[in-house]
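Chains as they are written, first to last, in the working numbering: chain Y, 1 to 351; chain X, 352 to 702. One structure is given here, and the rest of the page talks about it.
Protein chains: 2
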Amino acid sequence: MIAKQGENRPLASSIHDLARHLNISIGTVSRALNGRADVNADTRQRVLDAAAKLNYSPNQSGRSLRRGATQSIAFMLQPHPGDQQYGEPFFIPFLTGLQAKLAESGLDLIVVMGAPGDYQQERLRRVVETRRADAVVLAYTRREDERIDYLTRVGFPFATLGRSRSGGKTHPSLDLDFEKAGADAVDRLVARGHRRIAAIRPSLNLNFGYLFLAGYRKALRRHGIEVDPGLIAKGFINEAGGNAVTPQVMRSKDPPTAIIFNNDAMALGGCKALAEMGIKPGHDIAVIVIVETPLCRYFSPALTGFRPSLEPMGRRLAEILLASIPAFAGPDGARIIREVWPLELIARDSD
Amino acid sequence: MIAKQGENRPLASSIHDLARHLNISIGTVSRALNGRADVNADTRQRVLDAAAKLNYSPNQSGRSLRRGATQSIAFMLQPHPGDQQYGEPFFIPFLTGLQAKLAESGLDLIVVMGAPGDYQQERLRRVVETRRADAVVLAYTRREDERIDYLTRVGFPFATLGRSRSGGKTHPSLDLDFEKAGADAVDRLVARGHRRIAAIRPSLNLNFGYLFLAGYRKALRRHGIEVDPGLIAKGFINEAGGNAVTPQVMRSKDPPTAIIFNNDAMALGGCKALAEMGIKPGHDIAVIVIVETPLCRYFSPALTGFRPSLEPMGRRLAEILLASIPAFAGPDGARIIREVWPLELIARDSD
DNA sequence: TGTGTTCTCGTAAACGTTTACGGCAAAACG
DNA sequence: CGTTTTGCCGTAAACGTTTACGAGAACACA
């Protein structure tokens, strides 16, 4: 429909135009462009020159149709429900890395946006069934994730940022070691004399929330500290969530002397709430963030936390995805890689 | 290449399978699916049922090829150079609105990532020449914007978030009134007794930086205040930028009593710098941000600033884009809409 | 009954590629 | 010189759709 208006413009040149212009067949043009061996060196050069001059690039639809592959990978991005304005800064450097690595294999990255709330299922089906991409990358994996079940069921290539119990754990993935970070945070706080340590976390459906809490609990027990449910609170994984939920744990009859937040956004909202209660983070109470971003450096006080290396993770997940796809795997064949990366502690002023 | 492995799986059903299954021709199936009039009501229902049962959706490449349109709109997203980790939270709600509105017209939104630094030109050409999308949406418009020149030159449909001097101002666009916000900020500060007002802004290539500064200057002159170049500083449009540049203006021999930051990220970095100099924002110095996000509410002090309504802007820009494309414009034909929206002042504690 | 209209559907071409196949000429080989 | 190989290229089919066109049947009308 749309393109009706853009019929015979200079940029709409097809391989036929190119062939006619050069007085050779379209087959030869195609072979020259695709770097096949059975074409004369001179001819190839002439084709390349002409293509550059006429601004010719093969039509993606035609190429995809014939090849049976779109040469592009989809990342499913979705705003959280209840997340009115502020979103996923986390993903930008990750996507930068992902894109860069995919480009090395001649693949395009497309980000498909979902509507908040529908949890991507519908949109994912659409991408898969219409074959808009050759593989997808999922984030925000849940403990039980219907997206993963679906993709494994239909046999569509994918990789996940984050683990999950779904899909028989047989899909390629890259995750951060939230469990260790949770435990390390506790260790660090205990070493500084804290015994009453709170945890502010998102829904346990989100696998990283689950892992964080598991590490937190385990470390607490290791130190012989009883886990107090009153010190664990759940909120939306954004500023508002942290802001709303922090007062709850502070109002417990034996309040915490330290709080671990699952990410910087929650911590930001939480610190605001603390300040309003007259409690000064870094002074009256210790604060640690599990998933930190450079933003934390600019808080007052600057927040101590664990930093993921997002851009390398993006690059690596691209490799992991490609390694799982026969057509792209190296000579040793396709294999499923599942990695867990450490988080790096950035010590600052808040604990 | 990639899809080689996914040959005859349930989800790879084509219109031929469907037709064979129903014992009718593919032409009829297609017509039924596309809601054309010349197909019997019973037949249509049978086709629809079978399509649902077999999980059939038309292959996007085939459809695009035949239709000459991909039914999708591309948004060019690009991380800033020098912006190591933190990115574009600004865009998420905008994209949510854009996506929602496009979906109403059966269009998909795809976000294409660029590599930091190349300023999209190459990537944009690729999208256009390979006809991966039917139209594109640009953001971060510059005063002179080669992307806009290129797109108008080749006649490819597009719309911009932000104005520009390029392209003869004949393309559809939606922008915020940064000039008025800049002036309003000055008015507000002057009314509160300030005369030494600094402006921290990004490169003037970025049109919103240019507009902001124009408003700032104009208002200053209106109040009979001389514009002091020492109070105007340029930095990267992120935390690091604000952090690096704020000390410069504070070290001028007649330091400001108020600072206007171009966005919340710069303000965050700037406030940190101020705190380290022993200057308390909201107490020793007034701070206002031009492009605010909900994040600002959680600063200490909570920042006063001007808020864009991003999600509605996304929706509106979708309308504006579609209105410019004949195939989608209503009965009154295609028209170029250019709108400038106000920013809403959110008064808080920092000024 | 003959003619015209309407409804429904099948046929086939077309969109822009890629690629298997075959053919021709030149080169290599005996 | 005859045969085989090699290098290079053109032909045509195929990918999965949509749609112009035409045909047959049913129906209406005179």
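The C-beta atom is built at its ideal place from N, Cα and C for all residues, glycine as well.
Comparing alpha carbon positions, the residue from Y/Q248, Y/R123, Y/N262 closest to Y/G182 is Y/N262.
For Y/K169, no alpha helix (DSSP H) encloses it, and the DSSP letter there is neither H nor E.
Scanning chain Y for C-beta atoms nearer than 9 Å to the C-beta of X/N594 yields R297, Y298, reported in chain order. With 16 or more neighbouring CB atoms inside 10 Å of its own CB, X/A420 falls in the buried class. Along the stretch 60-75 of chain Y, going in chain order, the ones with a CB nearer than 7 Å to a CB of chain X are Q60, S61, G62, S64, L65, R67, G68, A69, T70. Per the coordinates, the alpha-carbon of Y/L274 lies some 31 Å from the alpha-carbon of X/H545. Identification of chain Y residues near X/A698 by a Cβ-Cβ cut-off of 8 Å yields none; the smallest Cβ-Cβ distance measures about 17 Å.
Of X/T492, X/I630, X/D605, the smallest CA-CA separation from X/L557 is found for X/T492. For X/K531, no pairing in a beta bridge is given by DSSP.
CA-to-CA, the gap between Y/M250 and Y/P256 works out to about 7 Å. A Cβ of chain X is located within less than 7 Å of the beta carbon of Y/L109. Beyond the five residues adjoining it in sequence on each side, X/L458 comes within less than 7 Å, by CB distance, of Q422, S423, I424 in the same chain, given in chain order. A residue is called buried when at least 16 other Cβ atoms come within 10 angstroms of its Cβ; X/A550 meets this threshold and is buried.
Contact annotation: Y/L18 and Y/A318 have beta-carbon atoms that are not nearer than 7 Å. Counting the other Cβ atoms within 10 Å of the Cβ of X/A484 gives 16 or more, which makes it buried.
When DSSP assignments are scanned along the stretch 97-165 of chain Y, the uninterrupted stretches of alpha helix (DSSP H) that are 4 or more residues long and fall wholly within it turn out to be 121-129, 146-154.
Of all C-beta pairs linking the stretch 565-580 of chain X to the stretch 626-637 of chain X, fewer than three are shorter than 8 Å, placing the two stretches out of contact. Within chain X, the C-beta atoms nearer than 9 Å to that of Y/V112 come from Q450, D459, L460, I461, V462, in chain order. The alpha-carbon of X/M664 is positioned some 7 Å away from that of X/G448.
By the Cβ rule, the stretch 238-245 of chain Y does not count as touching the stretch 207-216 of chain Y, because fewer than three pairs are nearer than 8 Å. Annotation for Y/N207: the continuous alpha helix (DSSP H) segment containing it runs 207-222.
The way I'd put it, the stretch 394-403 of chain X doesn't touch the stretch 119-128 of chain Y; fewer than three beta-carbon pairs between them come closer than 8 Å. Selection Y/D349, Y/R44, Y/S350, Y/R338 evaluated against Y/R165 yields Y/R338 as nearest (Cα-Cα). Take X/T521, set aside five residues on each side of it, and the residues of its chain with a beta-carbon closer than 8 Å to its own are T503, I687, in chain order. At least 7 Å separates the CB of X/A490 from every CB of chain Y. Listed by position along chain X, the residues whose Cβ is nearer than 9 Å to that of Y/N55 are R476, E480, V505. For the pair of segments examined, the stretch 668-682 of chain X was found not to touch the stretch 639-658 of chain X: the number of CB pairs separated by less than 8 Å stays below three. Per DSSP, the beta bridge partners of Y/E344 are Y/R307. Distance check between Y/P294 and each of X/R666, X/D526, X/K623 places X/K623 closest, using alpha-carbon atoms only. The alpha-carbon of X/I636 is positioned some 52 Å away from that of Y/I148. Put simply, the CB of Y/L204 is far from chain X, with every gap to its CB atoms at 7 Å or more. With at least 16 other beta carbons inside 10 angstroms of its own, Y/D145 counts as buried. For Y/N243, there is no enclosing beta strand (DSSP E); the residue is part of the alpha helix (DSSP H) that begins and ends at 239-250.
If the five residues before and after Y/A139 are omitted, its C-beta is found closer than 6 Å to the C-beta atoms of L161, all from its own chain and listed in chain order. As far as DSSP is concerned, Y/M313 takes part in no beta bridge. With a threshold of 7 Å between beta carbons, X/G620 makes contact with chain Y.
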